Ligand code: MLT
C-alpha cells in the first residue's frame with residue numbers, strides 16, 4: 193500500500209479548521225470570553241420563508257407514496273436547472289442550456305472534484321491571495337502551481353502575463369478574500385489569454401450576488417468567447433444562506449472540448465459515477481430562491497449584510513486603517529495596523545477584543561500583513577465587534 197505522497201506537501205490543516213482550533217483553545221482557557229466570530233464567511237440570517245415553505249412541501253411529498261422520490265437525476269432536477277437558467281438570463285443576459293448546468297452540494301466540492309477531468313501534469317495559475325481550496329486541491333494531485341500576485345497596486349486583480357504558460361486558470365470574482373471584482377474589459381483580457389493558450393478558466397462566482405456596480409461582471413459568460421474556455425461555479429450559500437443546507441451548481445458549456453473529448457460529457461460521466469445528486473428537498477428549497485417571493489426575501493438578507501459591511505468599514509475609516517472590499521463583496525480586506533503580521537493581528541484581536549477574523553496569510557503569501565473580516569455576522573454582534581476594535585486601536 194502506498195499513500196498519496198502529495199499530502200505531505202499540504203499544510204497540517206485547512207485554514208478554517210486552524211482558526212476554529214485556535215479559537216476553541218482560547219475559549220477553553222478563558223471560558224468567560226464573549227467571542228464574536230467574523231472569521232469564516234458563514235451566514236447568520238435564517239433561511240427565508242419561501243425556502244422554508246418549499247422544504248416543508250418537499251418533506252410532505254416524500255412522506256406520500258405517490259409523490260415520494262428515490263434517486264434523482266445525478267445532474268439535478270429539471271425544475272432547478274430551469275430556474276438557474278432563467279436567473280442567468282434575467283440577471284446577466286446569459287443564455288444557457290439546461291444540460292450545461294450541474295447541481296451539486298456546493299461550489300467547494302465541485303471546485304475540488306472538477307480536477308478529476310484534468311491531467312495531473314497541467315500547470316495551474318492561481319491568484320494570490322485567494323480561497324485556499326484551489327491551491328490545496330491541486331497540491332493533493334501534485335500539479336505545478338504558478339501564482340499571480342494580487343497587490344494594492346493592481347487592486348488585487350492580477351491580469352494575464354503572456355510570458356506565463358498555463359493550462360488551468362482560477363479566477364474568483366468578487367475575490368475571496370479581497371472583495372476585488374473584475375470588470376468586462378479585464379475579464380475579456382483573461383478570456384483572450386485562455387483562448388490563446390488553449391487553457392480553461394475555472395471561474396468561481398460564489399459571491400456574484402453581492403455585485404452592485406454595473407461595470408463589474410457577475411458571470412464569465414457575459415464575456416464573448418467565454419463559452420469556449422470557461423467553467424463557472426456558483427453556490428446558494430452566500431446568495432441564500434445555504435452554508436448549512438448545501439447546494440450549488442457548475443456550468444460546463446457544450447462548446448468546451450479538448451483532445452476530441454467534450455468536457456461537459458466528461459463531467460457528466462464523472463458525476464454519474466461518483467455522485468448521486470442533491471436531495472430532492474434541498475433542490476426544491478433552492479428553486480424557491482428564484483421565485484418572486486424568494487428573490488424579494490433574499491434581497492433583504494443581502495441588504496442586511498451590506499449594511500454590516502458599512503458598519504465595519506465606517507469603523508476602519510474612523511481608525512484610519514487601510515482596507516478594500518465590502519462594497520461588491522461581503523468581505524473587508526484590511527491592512528494590519530502598525531505593520532503587524534496576519535497571525536499576530538489575529539492573536540491580538542482574539543485575546544484583547546475577543547473578535548475572530550481570518551489572517552490574510554491563510555489565503556497565500558501575498559496576504560501576509562492583511563486581515564479579512566466578514567459582513568455575514570449578526571448586526572448587533574458586528575456593531576459590538578467594531579466597538580471593541582475601535583477601543584483597542586484608538
Ligand atoms: C470563507 O470564509 O472563505 C468561506 O466561507 C469558505 C467557503 O465558502 O467554503
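Numbering (our numbering), first residue to last: 193 to 586.
In this text, a Cβ means the ideal position worked out from N, Cα and C, and glycines have one as well.
Treat the numbers as computed from the prediction; the structure is a model and nothing was measured.
Original post:
How is residue 531 classed by DSSP in three states: helix, strand or coil?
Top reply: Residue state for residue 531 is assigned as helix, using DSSP reduced to three classes.
Original post:
Would you say the beta carbon of residue 201 comes nearer than 6 angstroms to a heavy atom of ligand 1?
Top reply: no
Original post:
When you compare only the Cα positions, how much space is there between residue 566 and residue 580?
Top reply: 16 angstroms
Subject >> beta-carbon residue 233 near ligand 1 non-hydrogen atom, thresh 6 angstroms >> reply: Yes; taking the cut-off as 6 angstroms, the Cβ of residue 233 has a heavy atom of ligand 1 nearer than that.
Original post:
CA-CA distance, residue 521 and residue 257?
Top reply: Approximately 44 angstroms between the Cα atoms of the pair.
Subject >> When 359, 220, 224 and 247 are compared against residue 473, the one with the closest alpha-carbon >> reply: 247
Original post:
Comparing alpha-carbon positions, which option in 529, 403, 487 and 544 lies nearest residue 498?
Top reply: 403
Original post:
So does residue 300 have its beta carbon nearer than 6 angstroms to some heavy atom of ligand 1?
Top reply: yes
Subject >> Alpha-carbon spacing of residue 204 relative to residue 294, whole angstroms >> reply: 32 angstroms
**OP:** Determine the extent of the alpha helix (DSSP H) in which residue 503 is found, giving its start and end residues.
**Re:** 484-511
Subject >> C-beta contact flag for residue 431 and residue 393 at 7 angstroms >> reply: no
Original post:
What residues in its chain sit with their C-beta under 7 angstroms from that of residue 259, if we drop five residues either side in the sequence?
Top reply: 253
**OP:** Measuring alpha carbon to alpha carbon, tell me which of 518, 478, 333 and 574 ends up nearest residue 239.
**Re:** 478
Original post:
With which residues is residue 396 paired in a DSSP beta bridge?
Top reply: 364 and 425
Subject >> Beta-carbon proximity list for residue 489, same chain, < 6 angstroms, skipping 5 on both sides >> reply: 240 and 242
Original post:
How long is the line joining the alpha carbons of residue 492 and residue 486, rounded to whole angstroms?
Top reply: Cα to Cα, residue 492 sits roughly 10 angstroms from residue 486.
**OP:** May I ask which residues mark the beginning and end of the beta strand (DSSP E) holding residue 588?
**Re:** Here the chain has residues from 193 to 586 only, and residue 588 is not among them.
Subject >> Through-space distance from residue 244 to residue 269, alpha-carbon basis >> reply: 19 angstroms
Original post:
Heavy atom of ligand 1 less than 6 angstroms from the Cβ of residue 493, yes or no?
Top reply: no
Original post:
With 16 as the cutoff for other CB atoms within 10 Å, does residue 273 come out buried or exposed?
Top reply: buried
Original post:
Three or more beta-carbon pairs under 8 angstroms between the segment 334-347 and the segment 314-324, yes or no?
Top reply: yes
Original post:
Apart from the five residues just before and just after residue 395, which ones in its own chain have a Cβ nearer than 6 angstroms to its Cβ?
Top reply: 363, 412, 422 and 424
Original post:
The beta strand (DSSP E) spanning residue 295 covers which residue range?
Top reply: 293-296
Subject >> Closer than 6 angstroms: residue 368 CB and nearest ligand 1 heavy atom >> reply: yes
Original post:
Any idea if residue 271 is buried or exposed, counting beta-carbon neighbours within 10 angstroms, 16 or more meaning buried?
Top reply: By the neighbour-count rule (16 or more Cβ atoms within 10 Å), residue 271 is not buried but exposed.
Original post:
Is residue 292 closer than 7 angstroms to residue 443 when the C-beta atoms are compared?
Top reply: yes
Subject >> Simplified DSSP assignment, three categories, for residue 454 >> reply: Strand.
**OP:** Throw me the rounded Cβ distance for the residue 371 and residue 518 pair, which I believe falls under 8 angstroms.
**Re:** Confirmed, Cβ separation roughly 6 angstroms.
**OP:** Decide if residue 382 is buried, meaning its Cβ has at least 16 other Cβ atoms within 10 Å, or exposed.
**Re:** buried
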